[in-house]
Amino acid sequence: MITGSGILRGLWTTFRHFIKTYLEDLRSGKKRYFTKEGIELRRSPDVEGIFTIQYPEEKLPVPEEFRYIPFLVYDEGENGEKEIRCTSCGICAKVCPPQCIWIVRTNDPVTGKPIPQPKEFYIDVDICMNCGFCAEFCPFDAIKMDHDYEIASYDRFKEHIFDLERLSKPASYYAQIRPTNFAREEAARAEKEAQKAAARKVNP
Amino acid sequence: MNEQIELQASSLTDKFPEIVSLDTRTGYTGFLVMPENLITVAQTLRDEFGYDYLSSVTGVDYLPENKMEVVYHFYRTTGGGALVLKTQVDRENPVVPSLTPLYPGAEFQEREAWDLLGIRFANHPDLRRILTWEGFYGHPLRKDWKEPFFEEETKPFKSRWPEGHVYRAEDKNPFHDNVQYPPGFDPEQWSPETDELLYAGLKRVDKSDDFLTEQVVVNLGPQHPSTHGVFRMVVVLDGETVVDLKPIMGYLHRNHEKIGERNTFLQNMPFTDRLDYVCSMSNNFGYALAVEKLMGIQPPERAEYIRVMMAELTRFLNHIFSIGFLLNDLGAFFTPMLYALEERELILDVFEAVSGSRMMCNYFRFGGVARDIPDEVMEKIRKLVLERLPRKLDEMDYFITNNEIVRGRCEGVGVLTAERAIALSASGPVLRASGVAYDVRRADPYSIYDRFEFDIPVRYNGDIYDRYLLRLDEMRQSLRILQQVMRDIPEGPIMSGKPQYQVRVPAGESYGRVEGPKGELGFYVVSNGKPNPWRYHVRAPTFINLTSLAEMCRGQKIADVVTILGSIDIVLGEVDR
Ligand code: SF4
Ligand code: SF4
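As given, the protein sequences belong to chains A and B, one line each in that order.
Mapping of the first sequence onto the numbering used here: position 16 corresponds to residue 16, and the numbering continues sequentially without gaps.
To get the numbering used here, take the position in the second sequence, counting from 1, and add 204.
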């Protein structure tokens, strides 16, 4: 082998990479940049040439399973009131690896017995490691992982302890970010209801 | 496997009927030996029984019995299961003879056990703290040591529910930070020990030469772009030639193992992601294996295939990433690196779609995996594995392998011989590039690796160039396995039993090891039947591979140190734990 040919090969590879971007540009025209289609193209296994996404003008779509800070799901009642699904059973607080979920259970003011509803619910998002266990093990589908990753703020402490207000998001939002999960859970719930109804019919 | 252990058992106890006894505690295996006989037994194991590879050394603090136990895992480089040797000493003043003279690979691990557990190793050549800083107070892995934010012995903490009035732990600490000082200590008055002692130990005076040259000590790091993180190398130079070198680490230490012993078994899973954060899937794999062994459960078929698939994708992305970085270290600034990153990104897209996160996958569960792979992702993997990755691998090969500069800088540099590699407990590509065909996937098969057809690549020169070539070979083999996985993967459940957040783990010990991309990754777990592991130890491959760094660097030029370090392929998240 001639000395220097290895280096030339390297240069040739780099040059080809360089040229390919322009060839791809010519081939797919304007739609290669700043369009959904173009972003999809640039992250597919067939991509050649330039590869990068120009955040924040362009954003990579996140897959359904993508997980970021958790949020609490509420259903909207008839008059638009929020019906938090959480029953404050405490499983998420127990399973959370860095122990960043804090829940105050509601007690009945008269009898003192616990009511299945959280009085306060905090997540210290500085500590949350986005593991997704809380969502995975919540038996009431009440806590889910969000897709919104742009939560930077100027305050380092107080702002980063999310309270009930900040954590609550409607079920419609959940359905929108995780359609297949939502559909599966709704189907399971409907089936359970049907079973219950059937059982009630048999022995009223 | 059990038969094999029986066989060893009878012969070792036959050989030393008085001094070696079987470990008969329920759930435990291996042999107990008194500390004073340790050296004799270890020597026989190495020279007569052929256990030439000391994989893991660690300690366990049995507080209730007032005992410290040191646990050794020996293997044969020809393959087979472990021989576990244990020795127990009193907790108050634990002294055990050091095995470093016999197995030099024990050096860093014994230093770690001294640092974290306070076990003194007699005759150790350099018994200093290794992960914590020199002024650290106490030995943090001891069961009676408490951290500054100490709240409760184990998780889950009672303060979180049902009366979870939130506070920040820092506000409760008198110093408002994650520090604590011994009583009567004034941080303002303290001045650190100088490193003079360390430097003095490194310098050598050569009187034979008339021409007097002075040796220079250079600190590479902790903040240095070549060290792949926060890592320091103290190098003694004679001109440009390296006379000796000491790696200094621990800047990223967070006492992963203590956190692990406070966590429940499942809570550890996401923490393992943060060890070698490039290969979180492999870390999950090792930990899941260790705990499944204790629990006696087996994942279903499909889950096994998914696991192997994820582990091999991880190997591919790690190796291509490390080759890219190696070129960076050689001075080819970022172009090859970014080509490598392209392929890595595509694989990370797959990980994100199945596990929800690109790097902190947290995908494995005891008895399976967290969720199934959607069809469109399967299609993407198929495309990558069958078409794109092989093509890109060939391109990388064409791009780099015969480059004159790469060959000139890498061939014959940083050589580690086969004997030394074994003695120094090197593992993974470092070991195999030195001519030792030792790969856990073949030597001690786990999961379903015995079903696949693949070769264990070996290279014989033990230099940087061979480590590079070996990684290329391994990526080819990974693709070969992946293609078989894609062909054979069955339908079916991905989890045995119901997903549980509190698993019941019977008392006992287990050591789960996998061939991670960087070497043998082992998890030593001791359970006492409670929801939290009593002991949780990580055998970190890159930490132990660093033991051979000094050996590779001696006599080389200073510029090569950077490349040699790159060829070991370290990740500080795992080294420092
Ligand atoms: S597990 Fe679900 S229902 Fe129970 S406290 Fe957490 S969010 Fe509420
Ligand atoms: S995602 Fe994990 S760390 Fe975060 S709140 Fe949920 S369980 Fe805790």
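C-beta: ideal position from N, C-alpha, C; glycine also.
Within-8 Å CB hit, residue 131(A) to chain B: For the purposes of this step, residue 131(A) is taken as the residue at position 131 of the first sequence. Taking Cβ atoms only, chain B reaches closer than 8 Å to residue 131(A), which makes this a yes.
Inside the segment 312-337 of chain B only - beta strand (DSSP E) runs reaching at least 3 residues: 324-326
Distance cut 6 Å, beta-carbon to ligand 1 heavy atom: residue list by chain order: 86(A), 87(A), 88(A), 89(A), 90(A), 91(A), 92(A), 103(A), 138(A), 140(A), 142(A) and 143(A)
Cross-strand partners of residue 569(B) (DSSP beta bridge): Stepping through the second sequence from its first residue, residue 569(B) is reached at position 365. Paired residue(s): 572(B).
C-alpha distance - residue 438(B) paired with residue 225(B), whole-angstrom precision: Taking the first residue of the second sequence as position 1, residue 438(B) is located at position 234. Taking the first residue of the second sequence as position 1, residue 225(B) is located at position 21. Pairing residue 438(B) with residue 225(B), the inter-Cα distance amounts to about 43 Å.
Proximity test, residue 377(B) beta-carbon vs ligand 2 heavy atom, cut-off 7 Å: Along the second sequence, one-based indexing puts residue 377(B) at 173. Residue 377(B) Cβ: outside cutoff for every heavy atom of ligand 2.
In chain order, each beta strand (DSSP E) run of at least 3 residues that lies wholly inside the segment 86-134 of chain A: 101-107 and 114-124
For residue 206(B), the three-state DSSP class (helix, strand or coil): Taking the first residue of the second sequence as 1, we reach residue 206(B) at position 2. With a pLDDT of only 45 at residue 206(B), under 50, the local geometry of the prediction cannot be trusted, and no value is derived from it.
Reduced DSSP secondary structure (H/G/I, E/B, other) of residue 3(A): Numbered from its first residue, the first sequence carries residue 3(A) at position 3. Coil, per DSSP.
C-beta neighbour in chain A for residue 210(B), strict 8 Å: Position 6 of the second sequence, counting from 1, holds the residue named residue 210(B). The predicted position of residue 210(B) is uncertain, since its pLDDT is 49 and thus under 50; a value taken from the coordinates is nonetheless stated next. No, residue 210(B) does not count as interfacial toward chain A.
Buried/exposed call for residue 302(B), threshold 16 Cβ in 10 Å: The sequence position of residue 302(B) within the second sequence is 98, counting from 1. Per the 10 Å Cβ criterion, buried.
Contact set for residue 145(A): own chain, Cβ-Cβ below 7 Å, skip 5 residues either direction: The residue you call residue 145(A) lines up with position 145 of the first sequence. Around residue 145(A): 67, 68, 70, 132 and 135.
Outcome for residue 17(A) when other beta-carbon atoms lying within 10 angstroms are tallied against a minimum of 16: Sequence index remark: in the first sequence, residue 17(A) carries index 17 (1-based). Buried: at least 16 other Cβ atoms inside 10 Å.
Collapsed DSSP secondary structure at residue 431(B) in the structure displayed: Here residue 431(B) corresponds to residue number 227 of the second sequence, with the count starting at 1. If DSSP states are grouped into helix, strand and coil, residue 431(B) belongs with the helices.
Residue 370(B) CB to nearest heavy atom of ligand 2 below 7 Å: Your numbering for residue 370(B) matches position 166 in the second sequence. If you check the C-beta of residue 370(B) against ligand 2, you find no heavy atom less than 7 Å away.
Residue 450(B) and residue 344(B) closer than 8 Å at C-beta: Start at 1 with the first residue of the second sequence, and residue 450(B) comes out as number 246. Start at 1 with the first residue of the second sequence, and residue 344(B) comes out as number 140. Not in contact: residue 450(B) and residue 344(B) (Cβ atoms no closer than 8 Å).
Secondary structure of residue 675(B), DSSP reduced to three states: Taking the first residue of the second sequence as 1, we reach residue 675(B) at position 471. Reduced to three states, the DSSP call for residue 675(B) is helix.
Bounding residues of the alpha helix (DSSP H) (the contiguous stretch that carries residue 258(B)): Here residue 258(B) refers to the residue found at position 54 when the second sequence is read from its first residue. Note, residue 258(B): premise wrong, no alpha helix (DSSP H); beta strand (DSSP E) at 257-266.
Beta-carbon spacing of residue 721(B), residue 483(B) below 8 Å: For the purposes of this step, residue 721(B) is taken as residue 517 along the second sequence, with counting starting at 1. For the purposes of this step, residue 483(B) is taken as residue 279 along the second sequence, with counting starting at 1. Their beta carbons are under 8 Å apart, which means residue 721(B) touches residue 483(B) by this criterion.
Buried versus exposed, by CB contacts within 10 Å (16 or more), residue 143(A): Numbered from its first residue, the first sequence carries residue 143(A) at position 143. With 16 or more Cβ atoms within 10 Å of its Cβ, residue 143(A) is classed as buried.
Proximity test, residue 499(B) beta-carbon vs ligand 2 heavy atom, cut-off 7 Å: Taking the first residue of the second sequence as 1, we reach residue 499(B) at position 295. Every heavy atom of ligand 2 is 7 Å or more from the Cβ of residue 499(B), so no.
Top-ranked residue by Cα proximity to residue 623(B), from 616(B), 568(B), 608(B) and 642(B): Here residue 623(B) is taken as the residue at index 419 of the second sequence, counted from 1. Ranking 616(B), 568(B), 608(B) and 642(B) by Cα distance to residue 623(B) puts 642(B) first.
C-alpha gap between residue 364(B) and residue 506(B), whole angstroms: Indexing the second sequence from 1 puts residue 364(B) at position 160. Indexing the second sequence from 1 puts residue 506(B) at position 302. Approximately 37 Å, taken between the alpha carbons.
DSSP three-state assignment for residue 277(B), whether helix, strand or coil: Translated into the one-based positions of the second sequence, residue 277(B) becomes position 73. Looking at residue 277(B) - three-state DSSP - the assignment turns out to be strand.
Buried/exposed call for residue 210(B), threshold 16 Cβ in 10 Å: Taking the first residue of the second sequence as position 1, residue 210(B) is located at position 6. With a pLDDT of only 49 at residue 210(B), under the threshold of 50, the placement of this residue in the model should not be trusted, and no figure is reported.
Buried or exposed by the 16-neighbour rule on C-beta atoms within 10 Å, applied to residue 329(B): For the purposes of this step, residue 329(B) is identified with residue 125 of the second sequence, where counting begins at 1. With fewer than 16 other Cβ atoms within 10 Å, it is exposed.
Start-to-end residues for the beta strand (DSSP E) that takes in residue 512(B): Here residue 512(B) corresponds to residue number 308 of the second sequence, with the count starting at 1. First-last for residue 512(B): 505-534, but that is the alpha helix (DSSP H), not the beta strand (DSSP E).
Buried/exposed call for residue 420(B), threshold 16 Cβ in 10 Å: As a working mapping, residue 420(B) is identified with position 216 in the second sequence. Exposed: under 16 other Cβ atoms inside 10 Å.
CB contact check: residue 40(A) to chain B, cutoff 8 Å: One-based indexing of the first sequence puts residue 40(A) at position 40. Closer than 8 Å to the CB of residue 40(A) there is not a single CB belonging to chain B.
Rounded straight-line distance, which links the Cα of residue 247(B) to that of residue 694(B): By one-based count along the second sequence, residue 694(B) stands at place 490. By one-based count along the second sequence, residue 247(B) stands at place 43. Roughly 48 Å separates the two Cα atoms.
Element boundaries [beta strand (DSSP E), containing residue 289(B)]: As a position in the second sequence, residue 289(B) is number 85, starting the count at 1. Run containing residue 289(B): 287-294, per the beta strand (DSSP E) assignment.
Partners in chain B for residue 21(A), counting only beta-carbon separations shorter than 7 Å: In the first sequence, counting from the first residue as 1, residue 21(A) sits at position 21. Neighbours of residue 21(A) on chain B: none; closest Cβ ~12 Å, over 7 Å.
Within chain B, partners of residue 14(A) - CB distance below 7 Å: On the first sequence, residue 14(A) is found 14 positions in, with the first residue counted as 1. Simply 539.
Other residues of its chain near residue 432(B): CB distance less than 8 Å, five sequence neighbours each side excluded: Translated into the one-based positions of the second sequence, residue 432(B) becomes position 228. Around residue 432(B): 529, 769, 770, 774, 775 and 776.
8 Å Cβ cutoff, residue 560(B) in contact with chain A: Walking along the second sequence from the start, residue 560(B) turns up at place 356. By this cut-off, residue 560(B) is an interface position.
Opening and closing residue of the alpha helix (DSSP H) in which residue 583(B) lies: Position 379 of the second sequence, counted from the first residue, corresponds to residue 583(B). Residue 583(B) -> alpha helix (DSSP H) spans 579-587.
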